[in-house]
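Counting with my numbering, you get residues 54 to 115 for the letters of the sequence shown.
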Amino acid sequence: MGTVVCVTQQDGSDHPRTDEDHSTTTVEQGRFCLARCTCGWRGPARRARSLARSDAESHIHS
């Protein structure tokens with residue numbers, strides 16, 4: 054077998070995801086918006102999208 058130089062992960066990145074890598078997104082559920090992370094973290098349901106985005110930023114930097 055040959056040597057593997059670079060393997061692209063399913064998420065499109067060139068390096069495997071570790072516990073320290075966080076990728077957050079906001080999700081709308083009915084009238085509420087909440088932040089979610091690839092590590093399994095979920096923020097509280099918020100009526101304001103800006104607060105959900107703020108929760109996500111706080112999670113990444115904590």
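Positions of the beta carbon are idealized from the N, C-alpha and C atoms, including for glycine.
Computed from a prediction, not measured in an experiment: that's the story for all the values here.
Checklist entry - Between Arg102 and the rest of its own chain, which residues show a CB-CB distance below 7 Å, the 5 nearest in sequence each way excluded? => result Thr79 and Cys86
Item to check | Collapsed DSSP secondary structure at Ala109 in the structure displayed | outcome: helix
Item to check | Reduced DSSP secondary structure (H/G/I, E/B, other) of Arg84 | outcome: coil
Checklist entry - For His75, which option in Arg89, Arg100, Ala105 and Gln82 has the closest C-alpha, if you only look at C-alpha atoms? => result Arg89
Item to check | Cβ neighbours of Ala109 in the same chain (closer than 6 Å, five flanking residues each side left out) | outcome: Same-chain partners within the cutoff: Thr77 and Ala88.
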